[in-house]
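Worksheet: one structure, shown below.
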Amino acid sequence: MGAVQIVTTCVAAAITIVAAVLVVRTVRRMLAVIRLGQPDPTRSDNRALRLRTMLKETLGHTRMLRWTVVGAAHWFVMIAFMALSLLVLEAYFEVVKPGLGLPLIGAWNIYGLVTEWIGVLGFVGILVLMGIRLRNRPGNAERRSRFQGSTMWQAYYVEYTILGVLLCGFFIRGFKAANDELEWPTWAAPVSHALGSVLPAWPAAVSLVAMVKIIISMAWVIVIASNVTMGVAWHRFLAFFNIFFKRTPGRAGSGLGALRPMTSQGKPLDFEEADPDKDQFGVATVEQFSWKGMLDFTTCTECGRCQSQCPAWNTGKPLSPKLLILNLRDHAYAKAPYLLAPTEDLSHVDALALAEKERPLIGTAEENGIIDPDVLWSCTTCGACVEQCPVDIEHVDHIVDMRRYQVLIESNFPTEAGVMLRNLENKGNPWGAAQSTRDDWTKGLDFEVPNVASLEEGDFDYLFWVGCAGAFEDRAKKTTRAVATLLNEAGVKFAILGQGETCTGDPARRIGNEFVFQMLAQQNVETLNEAGVKKIVATCPHCFNTLSNEYGQLGGHYEVIHHTQLLAQLVAAGKLTPVQPLDGAVTYHDPCYLGRHNRVFAPPREVLGAVAGPADDNKGLVEMDRFAERSFCCGAGGARMWMEERIGKRINVERVEEALSTGAKTVAVACPFCLTMLGDGVTGKKAAGAAPEEVEVVDVASVLLRAVQK
Ligand code: SF4
Ligand code: SF4
């Protein structure tokens, strides 16, 4: 070993030992913080499916590739990062002796070829990602940057590290080629040979560059070991675990559809037995999140995809799902020394941790809160954040868990929503309408709508779940009547519960009042089971979601279909035939709880397509910029329908402007809340002279009914 190699070997060994010690210490700390979370025994069932999903989402990049350019560039960088680990290992041989390579596979031409091209594509990939980050850096983008609030130096540092390591790899190979020591022929390592042809022969250079490569790599390890909250780096290791343990393996957006039932110490909370002094009611402090919540916070990459899609953030509200997760993460790690200290001796706990423990989880800036109440209550639970998150963070669950404590224990929520909750408890619907008027919508129909109470089990195919909006709200009642008329026309045997129906409990559950939700849900499950209901058709996506995904938690198992799905089947079967052409183009607004939460995207479009025909010169179905998975909320979900929208631009106005920009005369919806929100938005625009008078907002069922009537 020459003098140069003695120096390079000693430097590489020293920095590696420091990095290894630090990283072991940090991983232990990270695990200790994650373990502070509450037990959650539901995360390790179905391991084969979990493993398949994890491999598909990581190695296949199925979610990242929804953003094609970023996804492809990130895939190459990920593969390059994995290969880099081998190449860094190779450098440990090269600091000892320039001609050495990896044992067994190092001299193999295929190894040289594969790593050469992974290096090239990784190099291109990282340049693309750096360009995208620079173009979208906060303060430089026309729209609010998805990176606003992200720790930019950390991302730049990670990117320059990868770039530096890749460059070192090529220079090592280039110098080997110049020294005539490269193991592989030109066809296997063309870039390295080309570089070697312009580099001087310099035997010591290989060990020196290998040492630089190890220094860059180990410096990165030391930096991330010193920054346990550096998600942009740690996600490279944590994403595999976070995806493996997601709530619903096998589906794209984990944490969509059903909400998690309330739990205390990992067990379902039974309200009849629960004791507020002993049991956990939602989340009051950061350590009351489950361990998976803690893993979520730690894994966030700060990519800002969630933020870029959030309707609250995009209309000037203080809520950003990314910043919410980052605030919880920073708080958890800052408070951890206190939580991990033996309770009888706090003398060694640093002052920051002791100060952090005094901060309320929910509180204004004056109260030194972690999450501002305006952040908590701005969420529409639309699920856009969950849908977009490449590492399967479950934002909506965390938000609702915090709401649960505020509502059930603190009684601290927007006052106007209190009326809705009282109406649910006393009248069984959010509007406070008299239950005796629930089936008034049937008056004037030229056919009878039977009540299940008057039928034998098996006399009806579908229970038509009308929903509170469908029964009491004037615009939604038109949809209800249209659906009933169409089903009758198509010969579908259906019946209603009439006054036996109450609210499904969706708004109570989304605002955090699990007690009222359970009360209503249990009543409905009892009624449905007694009536022998097997199949349900619902017009409201919120009812649809609750009936199909949440009632199972309470013993109600039904086959639930949305009216647009049933209508699409009836049109396809020739039982409903559109004969009247639609005047002008139609655009379709995907309701969050039908689309993203339940992945029903095609059926409403099939119905509209059958009526309107293909898009062509101000005719047919035209899409808005944001549609299907990336659809933009109307602003009413998450019980926001019953809260004032005081901050920023109104969400429904933002959506209506997008709909109007398509030039469509008909804005079709498939949800009574969307009907109200977009209807109000269009009315406002018309009053301001900003929308043509002929534009109307109607349900898909109403569009079809007009088309089938001769
Ligand atoms: S659920 Fe929707 S509104 Fe709530 S944080 Fe996520 S994107 Fe924003
Ligand atoms: S999309 Fe997921 S990983 Fe990206 S910033 Fe949001 S929460 Fe973090």
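According to the numbering used here, the sequence shown holds residues 317 to 1026 in order.
Cβ coordinates follow ideal geometry from the N, Cα and C atoms, glycine included.
What you are looking at is a predicted structure, and each value in this text was computed from that prediction instead of being measured.
Note down the Cα distance separating residue i from residue j, rounded to an integer number of angstroms.
{"i": "ALA319", "j": "VAL602", "result": "54 Å"}
{"i": "ILE827", "j": "ALA549", "result": "35 Å"}
{"i": "ALA785", "j": "TRP391", "result": "46 Å"}
{"i": "ARG459", "j": "ILE448", "result": "Note that ARG459 scores 49 on pLDDT, short of 50, meaning its location in the model is unreliable; the coordinates nonetheless yield the value given after this. Approximately 14 Å, taken between the alpha carbons."}
{"i": "PHE989", "j": "TRP747", "result": "13 Å"}
{"i": "ARG351", "j": "LEU482", "result": "36 Å"}
{"i": "LEU572", "j": "SER770", "result": "37 Å"}
{"i": "PRO627", "j": "PRO1008", "result": "25 Å"}
{"i": "GLU499", "j": "CYS484", "result": "17 Å"}
{"i": "LEU976", "j": "ALA931", "result": "16 Å"}
{"i": "ARG825", "j": "GLU842", "result": "19 Å"}
{"i": "ASN742", "j": "ALA749", "result": "10 Å"}
{"i": "ILE322", "j": "ILE687", "result": "54 Å"}
{"i": "LYS891", "j": "PRO919", "result": "16 Å"}
{"i": "VAL799", "j": "LEU445", "result": "49 Å"}
{"i": "HIS551", "j": "GLY1000", "result": "45 Å"}
{"i": "THR818", "j": "ASN829", "result": "16 Å"}
{"i": "ALA505", "j": "GLY428", "result": "6 Å"}
{"i": "ARG956", "j": "LEU737", "result": "13 Å"}
{"i": "LYS673", "j": "VAL337", "result": "29 Å"}
{"i": "ARG363", "j": "ARG341", "result": "29 Å"}
{"i": "THR753", "j": "GLY744", "result": "12 Å"}
{"i": "VAL691", "j": "MET546", "result": "23 Å"}
{"i": "VAL723", "j": "ASP595", "result": "15 Å"}
{"i": "ARG621", "j": "GLU682", "result": "30 Å"}
{"i": "TRP958", "j": "ASN739", "result": "12 Å"}
Measuring alpha carbon to alpha carbon, tell me which residue in the options is nearest residue i.
{"i": "SER864", "options": "THR820, ASP713, GLU683", "result": "THR820"}
{"i": "PHE788", "options": "GLU772, THR758, ALA471", "result": "THR758"}
{"i": "LEU515", "options": "TRP500, ALA493, LEU524", "result": "ALA493"}
{"i": "GLU618", "options": "GLY632, SER636, GLN604", "result": "SER636"}
{"i": "ILE725", "options": "VAL327, PHE587, VAL349, SER542", "result": "PHE587"}
{"i": "LYS389", "options": "GLY1000, LEU418, PHE439, THR369", "result": "For clarity, residue 389 is Ala in the given sequence; the question names Lys instead. Selected option, being the one with the closest Cα: PHE439."}
{"i": "PRO454", "options": "LEU445, THR467, GLU805", "result": "THR467"}
{"i": "MET940", "options": "ARG921, TRP958, ARG956", "result": "ARG921"}
{"i": "ALA733", "options": "GLU961, ALA986, THR324", "result": "GLU961"}
{"i": "LEU870", "options": "LYS1002, ALA667, PRO577, ALA806", "result": "PRO577"}
{"i": "GLY814", "options": "MET398, ALA423, PRO766", "result": "PRO766"}
{"i": "SER401", "options": "LYS673, GLY435, SER542, ARG382", "result": "GLY435"}
{"i": "GLU432", "options": "ILE488, THR378, LEU365, VAL334", "result": "ILE488"}
{"i": "THR1028", "options": "GLN704, GLY900, PRO653", "result": "Because the chain in this structure spans residues 317 to 1026, residue 1028 falls outside the shown range and cannot be described."}
{"i": "VAL1032", "options": "ALA681, ASN968, SER523", "result": "Because the chain here runs from 317 to 1026, residue 1032 falls outside it and cannot be looked at."}
{"i": "THR614", "options": "ALA652, THR631, ASN630", "result": "ALA652"}
Give me the DSSP bridge partner(s) of residue i.
{"i": "VAL876", "result": "ILE852"}
{"i": "ASP1015", "result": "VAL985"}
{"i": "GLN354", "result": "SER606"}
{"i": "ALA811", "result": "LEU779"}
{"i": "LEU937", "result": "VAL902"}
For a quick check, are the C-beta atoms of residue i and residue j less than 7 Å apart?
{"i": "LEU994", "j": "CYS949", "result": "no"}
{"i": "THR880", "j": "THR795", "result": "no"}
{"i": "VAL972", "j": "GLY953", "result": "no"}
{"i": "ARG462", "j": "SER624", "result": "yes"}
{"i": "PHE833", "j": "TYR721", "result": "no"}
{"i": "ASN495", "j": "ALA517", "result": "yes"}
{"i": "GLY848", "j": "SER606", "result": "no"}
{"i": "SER533", "j": "VAL404", "result": "yes"}
{"i": "VAL1019", "j": "ALA984", "result": "yes"}
{"i": "VAL902", "j": "THR982", "result": "yes"}
{"i": "TYR649", "j": "VAL537", "result": "no"}
{"i": "HIS714", "j": "CYS701", "result": "no"}
{"i": "TRP781", "j": "CYS859", "result": "yes"}
{"i": "LYS633", "j": "GLY1005", "result": "no"}
{"i": "LEU924", "j": "LEU937", "result": "yes"}
{"i": "GLU497", "j": "GLY415", "result": "yes"}
{"i": "VAL853", "j": "LEU886", "result": "no"}
{"i": "HIS873", "j": "VAL916", "result": "no"}
{"i": "PHE810", "j": "TYR778", "result": "yes"}
{"i": "VAL411", "j": "ALA328", "result": "yes"}
{"i": "ALA541", "j": "VAL349", "result": "no"}
{"i": "ILE331", "j": "ALA407", "result": "no"}
{"i": "GLY480", "j": "SER508", "result": "no"}
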